[in-house]
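Using the numbering used here, you'd call the opening residue of the sequence shown number 482 and step up by one each time.
Using N, Cα and C, we set each Cβ at its ideal position, and we do this for glycine too.
Quantities reported herein were computed from a predicted structural model and do not represent experimental measurements.
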Amino acid sequence: MLAEGEITVEGRLPWSSNATLLVAVAADGECLRAVYKPERGERPLWDFPPGLWRREIAAYRVSEALGWSIVPETIARADGPFGEGSLQLFLEDADQQSHYFTLLEDPAHHDDLRRIAVFDLLINNADRKGGHCLRTSDTRICGIDHGLAFRTQPSLRTVIWDFGGEQLDDAWRSDLARMAEAMPDDLEDLLTRAEREALRIRARALAETERLPYVPEDDRPYPWPLV
């Protein structure tokens, strides 16, 4: 349905710096909601080229290649109402009142949050705000908004620093080592060769790292606003 359904814009999601639209996608008498991010709605940035929506899709494909299922299903659509962009499944069952700082209060969520922290290190996420962590009805924590990721230069900005110094799960390190040895082929149309190579290098480095890093003292490690 995401790939072939008819897209109808329902409205714009608030507090987004770029055009982020809630849409209905209908096909064969069924309908679901999705988040549509057209390239035409992006504001120019000095540190990222146009086409941030491609990075949204790349984040989904990396998450799936690892088997971590952090990012909701995200695909490309060339025929959207405002042109080419990404279409991401809208999590209808997500708790819209929760965010990273409320989720952190419950130790039951800590493994999911640690894994998102590792994922952000891998994709070099420059914008992990607290509101980009969503709890679904089955208590799984998902991550959204990955348009500012995959730079070749170090750009990590995240609110998830509370697990600094903690041990990395051996199974996650194994997943990262596997990715470093065999990068997903379906990233070639989304990231440059240099960005894919930087991703491979980060995957290898994380696979060989035993503990999560602490907050850097001489950088800008937090996004703004925090939520």
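Span separating the alpha-carbon of residue i from that of residue j
i, j, result
"LEU707", "ALA559", "33 Å"
"ASP587", "GLN577", "17 Å"
"PRO697", "ASP643", "12 Å"
"ILE622", "LEU615", "5 Å"
"TYR703", "THR639", "5 Å"
"THR690", "LEU602", "12 Å"
"VAL504", "THR617", "20 Å"
"GLY645", "THR501", "32 Å"
"TRP653", "ARG701", "27 Å"
"ASP699", "GLY566", "36 Å"
"ASP528", "HIS591", "32 Å"
"THR583", "LEU594", "12 Å"
"GLY561", "GLU485", "11 Å"
"ALA472", "GLN569", "In the structure displayed, the chain extends from 482 to 708; residue 472 sits before or after that span and is not available."
"ARG677", "ILE604", "10 Å"
"ARG609", "ILE551", "13 Å"
"LEU585", "ILE641", "9 Å"
Exposed unless 16 or more other CB atoms sit within 10 angstroms - verdict on residue i
i, result
"TRP534", "buried"
"LEU526", "exposed"
"GLN634", "exposed"
"GLU511", "exposed"
"THR620", "exposed"
"GLU573", "exposed"
"ASP626", "buried"
"ILE538", "buried"
"ILE682", "exposed"
Inter-residue CB distance, residue i and residue j (contact presumed, cutoff 8 Å)
i, j, result
"HIS454", "GLY612", "Nothing can be reported for residue 454, as the shown portion of the chain is limited to 482 through 708."
"ASN606", "LEU637", "6 Å"
"GLY564", "ARG521", "5 Å"
"LEU680", "PHE600", "Incorrect: roughly 12 Å between the Cβ atoms, too far for contact."
Boundaries (first-last residue) of the beta strand (DSSP E) holding residue i
i, result
"TYR517", "511-519"
"ALA508", "502-508"
"GLU586", "It is not in any beta strand (DSSP E) - GLU586 carries neither H nor E in the DSSP assignment."
Host alpha helix (DSSP H) of residue i (start-end)
i, result
"ARG609", "Premise fails: ARG609 is in no alpha helix (DSSP H) and is neither H nor E."
"ALA762", "What is shown of the chain runs 482 to 708, which leaves residue 762 out entirely."
"ILE538", "533-547"
"ARG659", "651-662"
- Message: Counting beta carbon pairs with one atom in the segment 649-659 and one in the segment 552-568, are three or more of them shorter than 8 Å?
- Response: no
- Message: Taking contact to mean 3 or more Cβ pairs, one atom from each stretch, closer than 8 Å, check whether the segment 503-523 and the segment 482-493 are in contact.
- Response: yes
- If we count Cβ pairs, one from each stretch, closer than 8 Å, do we get three or more for the segment 662-669 versus the segment 537-544? yes
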